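Asks: In our numbering, the protein residues as written are 23 to 436. Idealized CB from N, CA, C, for every residue including glycine. Remember, predicted model here, so these are calculated numbers, not experimental data.
Structure follows, in structure tokens:
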């Protein structure tokens, strides 16, 4: 007699996730506008079998195959209308496809967004992206540290279409064994509230430097010793003295970050919220021309001291939660570049958010929770989700030889 397949699976998730619920048409920045919406292969083939002539004609008009870089989850895409809206979006801001055909006919991204699934070493994981306003509220504005836990769930009831919806990653056997130990130590550093957030990020960079050396030399079994060493260093807190000696280079920080933000701006920004905030950032620091950058740098630092610093004094948990969620969701330290490359991209996310908030503080005369939420959410939607942007940023950073911990410290510390 054959054994019945196990209908349960382990799921690793952050503690905020069970509290998430989509607010559909009440959302202030719905996901049916301003996104590239991919259609997975399984759902696309279901659409092709639809007999309704009106729907069939609309499918032919609005669906396009991804010929250049197809995959099971990116088999096709929806052509957005002139307003960057999904053509199936109703006047009531509801999904016309779901209303007509039911939830079973939603593509993977439409069914599960803002959730991100991965399957690593036979363990499923799920997290939320903060490009969704409601998810951002849950992730960012919890004063307690994010906790991760394993639960047992029914595969079919939780994932609906089964494990095919989980992204599968295969790492080298040497790294597999230590991946989660390293990833959760990164989170441990970011959640160490004995240090300010900028201090944690620089310590994190030092850890990444050492980790990169270990990786280059294939010394993965030494990773636990490296983790223990950094735990001891952080517990002793003597490193605070060295960190305090780092001199901020505010004008250089602003120039570099403005340059990086411009890359995204000139690619074209379809999200009106982020476009508004970027222009308000420029107005806030009175950015006029490159020739006046020293003066602008002074205004930038003044805004940091008057608006950003007082607001963040007791609210660094917002940025901590953003960074922790990013590390977990993006599978750091892994990515498309080297280990240290992934640290650089993490720092750029943090530093760009900080830069925008400094300028917005000056523009509005204060910072508040709703403004911070809205900026981070629209930034995630326009910048964090843009793969082409970070390809360009990597090349720019490498070409300018800015890919060092020293240059990252310039972006981190004010």
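List, from N- to C-terminal side, the alpha helix (DSSP H) runs of 4 residues or more that fit wholly inside the stretch 211-248.
Replies: The qualifying runs are 219-238.
Asks: For residue 355, count the other beta carbons within 10 Å of its own beta carbon; 16 or more makes it buried, fewer makes it exposed. Which is it?
Replies: Taking the chain shown and counting its residues from 1, the one referred to as residue 355 is at position 333. So residue 355 ends up on the buried side.
Asks: Which residue wins for smallest C-alpha separation from residue 229, given the options 215, 209, 407?
Replies: Working through the chain shown from its first residue, we reach residue 229 at position 207. Nearest of 215, 209, 407 to residue 229, Cα basis: 209.
Asks: Checking the sheet assignment: what are the DSSP bridge partners for residue 148?
Replies: Stepping through the chain shown from its first residue, residue 148 is reached at position 126. Partner(s): 139.
Asks: Within 10 Å of its beta-carbon, does residue 306 have 16 or more other beta-carbons around it, so buried, or fewer, so exposed?
Replies: Residue numbering aside, residue 306 sits at position 284 when the chain shown is read from its first letter. Buried: at least 16 other Cβ atoms inside 10 Å.
Asks: Three Cβ pairs or more, each shorter than 8 angstroms: is that satisfied between the stretch 31-51 and the stretch 151-163?
Replies: yes
Asks: Does the distance from the C-beta atom of residue 56 to that of residue 106 stay below 8 angstroms?
Replies: Residue numbering aside, residue 56 sits at position 34 when the chain shown is read from its first letter. Residue numbering aside, residue 106 sits at position 84 when the chain shown is read from its first letter. Yes, they are a contact pair.
Asks: Over what stretch of residues does the alpha helix (DSSP H) that includes residue 34 continue unbroken?
Replies: Walking along the chain shown from the start, residue 34 turns up at place 12. Careful: residue 34 lies outside any alpha helix (DSSP H), inside the beta strand (DSSP E) at 30-36.
Asks: When you compare the stretch 343-350 with the stretch 205-220, are there three or more beta-carbon pairs, one atom per stretch, that lie closer than 8 angstroms?
Replies: yes
Asks: Should residue 288 go down as buried or exposed, given a rule of 16 or more other Cβ atoms within 10 Å for buried?
Replies: Taking the chain shown and counting its residues from 1, one reaches residue 288 at position 266. Exposed, since its Cβ has fewer than 16 Cβ neighbours within 10 Å.
Asks: Is it true that the CB of residue 329 sits closer than 8 angstroms to the CB of residue 388?
Replies: What you label residue 388 is simply residue 366 of the chain shown in a count that begins at 1. What you label residue 329 is simply residue 307 of the chain shown in a count that begins at 1. Cβ atoms of residue 388 and residue 329: closer than 8 angstroms.
Asks: Which residue's Cα is closest to the Cα of residue 110: 83, 87, 134, 91?
Replies: Start at 1 with the first residue of the chain shown, and residue 110 comes out as number 88. Checking every option, the nearest Cα to that of residue 110 belongs to 83.
Asks: Could you tell me the distance, in whole angstroms, from the CA atom of residue 33 to the CA atom of residue 143?
Replies: As a working mapping, residue 33 is identified with position 11 in the chain shown. As a working mapping, residue 143 is identified with position 121 in the chain shown. Distance between the alpha carbons of residue 33 and residue 143: 12 angstroms.
Asks: In the DSSP output, which residue or residues are listed as bridge partners for residue 175?
Replies: Numbered from 1 along the chain shown, position 153 holds the residue referred to as residue 175. Residue 175 is bridged to 31.
Asks: Could you compute how far the alpha carbon of residue 120 sits from the alpha carbon of residue 225?
Replies: Here residue 120 is taken as the residue at index 98 of the chain shown, counted from 1. Here residue 225 is taken as the residue at index 203 of the chain shown, counted from 1. Computed Cα separation, rounded: 48 angstroms.
Asks: Just to confirm, are residue 283 and residue 145 a CB contact at a threshold of 8 angstroms?
Replies: Within the chain shown, numbered from 1, the residue matching residue 283 stands at position 261. Within the chain shown, numbered from 1, the residue matching residue 145 stands at position 123. No, the Cβ-Cβ distance between residue 283 and residue 145 is not below 8 angstroms.
Asks: Nearest by alpha-carbon distance to residue 293: which of 331, 405, 428, 426 is it?
Replies: Here the question's residue 293 lines up with position 271 in the chain shown. For the residues 331, 405, 428, 426, the minimum Cα distance to residue 293 belongs to 405.
Asks: Which word fits residue 327, buried or exposed, when buried means at least 16 other C-beta atoms lie within 10 angstroms of its C-beta?
Replies: By 1-based counting over the chain shown, the position of residue 327 is 305. It counts as exposed.
Asks: Could you check whether the stretch 405-423 touches the stretch 379-387, counting it as contact only if at least three pairs of C-beta atoms, one from each stretch, sit closer than 8 angstroms?
Replies: No: fewer than three Cβ pairs fall under 8 angstroms.
Asks: What separation, rounded to the nearest whole angstrom, lies between the Cα atoms of residue 390 and residue 332?
Replies: Taking the chain shown and counting its residues from 1, the one referred to as residue 390 is at position 368. Taking the chain shown and counting its residues from 1, the one referred to as residue 332 is at position 310. In a straight line, the C-alpha of residue 390 is about 11 angstroms away from that of residue 332.
Asks: Is the Cβ-Cβ distance between residue 361 and residue 233 less than 8 angstroms?
Replies: Looking up residue 361 in the chain shown gives position 339. Looking up residue 233 in the chain shown gives position 211. Result yes, Cβ atoms of residue 361 and residue 233 sit closer than 8 angstroms.
Asks: Does the distance from the CB of residue 216 to the CB of residue 259 come in under 8 angstroms?
Replies: To locate residue 216, count along the chain shown from 1; it is residue 194. To locate residue 259, count along the chain shown from 1; it is residue 237. Closer than 8 angstroms, so yes.
Asks: Do residue 278 and residue 123 have their C-beta atoms closer together than 8 angstroms?
Replies: For the purposes of this step, residue 278 is taken as residue 256 along the chain shown, with counting starting at 1. For the purposes of this step, residue 123 is taken as residue 101 along the chain shown, with counting starting at 1. No, these two residues do not count as a Cβ contact at 8 angstroms.
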